[in-house]
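In our numbering, the protein residues as written are -6 to 275.
Okay, so here's the structure we're looking at.
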């Protein structure tokens, strides 16, 4: 969570809906029992004034209604930029009976102190949130206001003919909601959650929190290969067999598909002519 809006002391009751959602001029505009998909409750059937000039439909809901369309600027929890996250990933290639995980080092003190860096420490599985956002080409202070969704791709390309230690993960980062951010109604990433309690009079009350934050989608892709003598011999034999067919195919093309095939035929075949027959007497 990087930012939030609180609506404290909400109680169940009747109050005016947001005028942008359910404006009205009389009770006939507000059908009792109807709900608006963008609203906060069920219409009571009354059109009530919000101020001297504006009216909206009354709803049964948690009141007062939240006013959370504009998140705070700057973000309230900008210090989250320095938080860390540990990613554990295991892969297995059953065909080669090979298993590996991304925590390569066995030294506990190394894991306590290391931080991922593309150049200096690309094998560390502990990531600083600000670094992830930066690797994806985004500014954390701007992102923290409305949140966002990021992809963390772990890519394994393993040549199992080499030492097992050569099979290492490669991390890639990108923002998933960037392209449609300006077109969507609710940009970034946010969610709501309530905190319930009872006030001094014993009435059920809640504080509604609209939280903005960063959501990570972890993707894992990989491939592994190992040399096989049998497959190599099969490929070699197939190649030799194909080479043996080349001259036959070339002859057929020249003899039947070329305009000057007659010349080639004269050079290819030798006609043997004789005026009589030789008889071999036994």
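In this text, a Cβ means the ideal position worked out from N, Cα and C, and glycines have one as well.
Are the Cβ atoms of residue i and residue j separated by less than 8 Å?
| i | j | result |
| --- | --- | --- |
| residue 57 | residue 3 | yes |
| residue 168 | residue 129 | yes |
| residue 125 | residue 75 | no |
| residue 40 | residue 22 | yes |
| residue 101 | residue 151 | no |
| residue 230 | residue 84 | no |
| residue 82 | residue 95 | yes |
Does the beta-carbon of residue i have 16 or more other beta-carbons within 10 angstroms, so that it is buried, or is it exposed?
| i | result |
| --- | --- |
| residue 212 | exposed |
| residue 118 | buried |
| residue 8 | buried |
| residue 52 | buried |
| residue 109 | buried |
| residue 162 | buried |
| residue 54 | buried |
| residue 33 | buried |
| residue 50 | buried |
| residue 250 | exposed |
| residue 276 | Residue 276 is absent from the structure shown; the chain starts at -6 and stops at 275. |
| residue 243 | exposed |
So the candidates are the options; which of them puts its Cα closest to the Cα of residue i?
| i | options | result |
| --- | --- | --- |
| residue 201 | 163, 249, 185, 120 | 185 |
| residue 140 | 120, 161, 70 | 70 |
| residue 92 | 235, 153, 205 | 153 |
| residue 6 | 250, 199, 208 | 199 |
| residue 38 | 44, 27, 46, 31 | 27 |
| residue -4 | 73, 46, 24 | 73 |
| residue 29 | 10, 230, 235 | 10 |
| residue 31 | 157, 179, 239, 155 | 179 |
State the CB to CB distance for the pair residue i and residue j, rounded to an integer number of angstroms; the pair is presumed to be in contact (CB under 8 Å).
| i | j | result |
| --- | --- | --- |
| residue 1 | residue 48 | Incorrect: roughly 26 Å between the Cβ atoms, too far for contact. |
| residue 59 | residue 188 | The pair is not a contact, with the Cβ atoms about 13 Å apart (cut-off 8 Å). |
| residue 64 | residue -2 | 6 Å |
| residue 144 | residue 210 | 5 Å |
| residue 219 | residue 133 | The Cβ separation is near 42 Å, so there is no contact. |
| residue 190 | residue 207 | Not quite, the Cβ-Cβ distance comes to about 28 Å (not below 8 Å), so this is no contact. |
Please find out if some non-hydrogen atom of the ligand GTP comes closer than 7 Å to the beta-carbon of residue i.
| i | result |
| --- | --- |
| residue 37 | Annotation note on the ligand GTP: not contained in the displayed structure, which lists no ligands. |
(Q) Extract the residue ranges of the alpha helix (DSSP H) inside the region 102 to 178, only unbroken runs of 4 or more that lie entirely within it. (A) You should have 122 to 128, 133 to 139.
Q: Taking only runs that begin and end inside the region 26 to 63, name each unbroken alpha helix (DSSP H) of 4 or more residues, in chain order.
A: Inside the region 26 to 63, DSSP marks no whole alpha helix (DSSP H) run of 4 or more residues.
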